[in-house]
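Position 16 of the sequence shown, counted from 1, bears residue number 21 in the numbering used here, the numbering being contiguous throughout. Idealized CB from N, CA, C, for every residue including glycine. First the structure, in the form of structure tokens, and then the observations on it.
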Amino acid sequence: MLKGNSYILVFSVLIFLLILLASNTLLIIRTLLIVMTIGFLFPIIRKTLFKDKFRKFKVAFYSSLTFTSGIILISFLTSMNKRQLYNSDGEVFLFMIVVLFYSLIGNFVYGLPVSLMAEFISMKFFNVRFWLSGFIHIGFGLLTYFIYPGFFIPAIISSIIFFAIDEITKKSSTAH
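Okay, structure coming up:
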């Protein structure tokens, strides 16, 4: 599983796990972080995450930016439709930061492992890889309803954005 000089990786994972276990974070988030952290010990997961110049990390980040930009655009258009003056003071900036923060957490803690799983499973079914991967991404977005119903719609939208950006970057990385 691990090669000779993996002491730093193992030590870092153990420290992070101890911090997670001692934290007051929600149990579901703590569990997802623990599973994701343990995943770093497996070379196949590290290889998939770090291949193509950190493509999966970039997809999670770009998905969060796209989702946040979309929310800001929708709130701007809604205020224009109601003929209200769009308030561009600190509240909008704070709202944007909060949406981006939650989107980043969701995409990195939940979206990345789901995307890795979708890629691993769908690679075995080459004829329907695209559809199966999309179904897995969106299906796990739908599962959010049972974990935290308040994030149900944003999770589905985020999973669609994540899947779309993942497919676009996958095609562009294989074209080079």
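Closest residue to residue i among the options (Cα-Cα distance)
i: G44; options: S164, M122, F130; result: M122
i: R35; options: S120, Y115, L54; result: Y115
i: L109; options: F157, F168, Y153, Y67; result: Y67
i: T53; options: I165, M128, S17, I39; result: M128
i: A169; options: H142, I158, P159; result: H142
i: T2; options: S177, I162, L46; result: Residue coverage of the chain in this structure runs from 6 to 181, which leaves residue 2 outside it and unanswerable.
i: S135; options: I173, I76, L31; result: What sits at residue 135 in the sequence shown is Phe, not Ser. Residue I173 is the option with its Cα nearest to F135.
i: K175; options: V40, L78, F59; result: F59
i: S74; options: F98, L38, F157, S17; result: F98
i: T149; options: Y12, L25, I33; result: I33
Cβ-Cβ separation, residue j to residue i (assumed contact under 8 Å), whole Å
i: F29; j: S69; result: Residue identity check: residue 29 is Asn in the sequence provided, not Phe. Actually they do not touch by this definition, with Cβ atoms about 24 Å apart.
i: L117; j: K61; result: 6 Å
i: V18; j: L46; result: 6 Å
Limits of the alpha helix (DSSP H) - the one that residue i falls within
i: S28; result: Careful: S28 lies outside any alpha helix (DSSP H) and carries neither H nor E.
i: M122; result: 117–127
i: S138; result: 134–152
If you scan the segment 47–83 from start to end, which runs of the alpha helix (DSSP H) of 4 or more residues do you find wholly inside it?
Runs of the alpha helix (DSSP H) spanning 4 or more residues and lying entirely within the segment 47–83 do not occur at all.
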